[in-house]
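Residue numbers (the numbering used here): 269 to 830.
Cβ coordinates follow ideal geometry from the N, Cα and C atoms, glycine included.
It should be emphasised that the depicted structure is a prediction, and the values quoted were computed from it without experimental measurement.
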């Protein structure tokens, strides 16, 4: 398996030219190199390829160069963008910084060669304007109006809007720090002030990203002069420079590297992420990383080899197809129902199916691919007891790493789609208007009286299955039985022939297993005994059913362990 390496910009890109020199044509670029296990890659020769992309992270490359460099003992590598070996036709100072936005794409070969692996792409936000300043610097300075002047080497000038005049600040002493006063006037501070420094921190990487969570690695390079008070990660959907005023974690007051666990994300959403560290002087932030959460958690294969697609809804990752396995995850067989009689006048009607079996929908094997199989509750549970926990903790008939959802987990799904509709899911009825956004516009009977019902898709399929949950009707199968008196006047031939084969010479039961609702209803078992969910072609919500006969055969949707 190919190993990936991560390296990230420390703080920003630094200019290499002085304040009065020719406008800079290169940038200092520092990064910490880590491997896939988040280990530092130290004292190692590496190859680096840098590209400047135009307008977007996937834009056209206007400049490309390569470097050969070596990481130090802390895994830090340093290069100068603009000072590498350019590819043919690449001219760094031909980039027109004034007209477009630009992105810096980084690639690395850990062996020091040229077999590069893409590391990441980040937007250049402020650095290019220094290069843009070159267009002014190459003009005729003597023709400029109100040009600033100085008296001594090291003088600094600032503009005062109150008198529309340039003012000189003499060069400070070694170790002093230039700061801004409350009225906006620059001022030198002595070394006493310089001893009160904020922390230095970098955002190393974002990994283990799901539709609800992510993990962020960061390193506090320097705690500053007063010690760390708090550190963590902040993130935002809309703020490109997230701060502790946005969503954030708190991960203690230690120093060095740490990993922050973030929860509460939304699937298929872009987030800006960066680490922070706070001491008594202030809060410092690492570089911003941009991630997009996935819409699903991949595919999963059951024991029979059936492959299922998945979908995130809130923090839950669900099968987006009905289960169709005939084996448990450990290879044990789920028994197929031997009696599929629709009438009591059949030889097989003498057999009562066990309480742990599966059926084809509508007793038709051609329905398996689309609609899955139907299971009795005990077949679903594989001997486990009832659970209404969230998560249920019941593997049951699901593949390893997945479980049978409890009624509480279905409740979470419903309240995610219709917040507050039935918080405790205690209303045993159809609730809410989420059926349409869960339902696939396929197979449901037509219903034209309400546009929020699954049956309305025949009229207009707009707004259907926006969650990608892809519900379709599969119906259910129920058991019924009745007492038939042997040698009755009504069924004398049947009784004398079939019943005698079974040694039945007195009152006895005949069992039928009747399918219903193939195009009108979808039923799903939960791990909570006697509780199921129903979606009907003419109803807008989901029904919580209670005291359901455990011999009924319903569909199953598995949910990923979390």
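The shortest C-alpha to C-alpha distance from residue 643 to any of 678, 747, 659 is the one to 747. Under the 8 Å Cβ criterion, the segment 542-550 counts as touching the segment 486-495, having at least three qualifying pairs. Counting every other CB atom within 10 Å of its CB across the protein chains shown gives residue 635 a total of 16 or more, marking it as buried.
When only Cα atoms are considered, residue 431 and residue 425 end up about 14 Å apart. In chain order, 635, 636, 641 place their CB closer than 7 Å to the CB of residue 628, counting only its own chain and leaving out the 5 sequence neighbours on each side. For residue 336, there is no enclosing alpha helix (DSSP H); the enclosing beta strand (DSSP E) has its first and last residue at 329-338. Contact annotation: the segment 566-577 does not touch the segment 614-625, with fewer than three C-beta pairs closer than 8 Å. About 15 Å separates the beta carbons of residue 626 and residue 597, which is beyond the 8 Å limit, so they are not a contact pair. Under the three-state reduction of DSSP, residue 649 is assigned to helix. Membership of residue 804 in any alpha helix (DSSP H) is not indicated; the residue belongs instead to the beta strand (DSSP E) covering 800-804. Contact annotation, residue 698 with residue 810: C-beta distance approximately 7 Å; criterion of less than 8 Å satisfied.
DSSP places residue 425 in the strand class (E or B) of the three-state scheme. In this structure, residue 308 lies away from residue 371, with their beta-carbon atoms at least 9 Å apart. In chain order, 723, 787, 788, 805 place their CB closer than 7 Å to the CB of residue 713, counting only its own chain and leaving out the 5 sequence neighbours on each side. Bounds of any alpha helix (DSSP H) do not take in residue 820, whose DSSP letter is neither H nor E. The bridge partners DSSP lists for residue 434 are 427. Looking at the DSSP output, residue 490 bridges to 468. Here residue 793 is not near residue 602, since their CB atoms are 9 Å or more apart.
Under the three-state reduction of DSSP, residue 824 is assigned to coil, being neither helix nor strand. Here the segment 513-527 makes no contact with the segment 555-567; the two share fewer than three CB pairs at distances below 8 Å. Excluding residues up to 5 positions away in sequence, 436, 437, 438, 439 lie with their Cβ nearer than 8 Å to the Cβ of residue 423 in the same chain. For the options 465, 547, 726, 710, the alpha carbon positioned closest to that of residue 717 is the one of 726. CA-CA distance, residue 519 to residue 743, rounds to 50 Å.
Residue 360 and residue 314 have their alpha carbons spaced roughly 23 Å apart.
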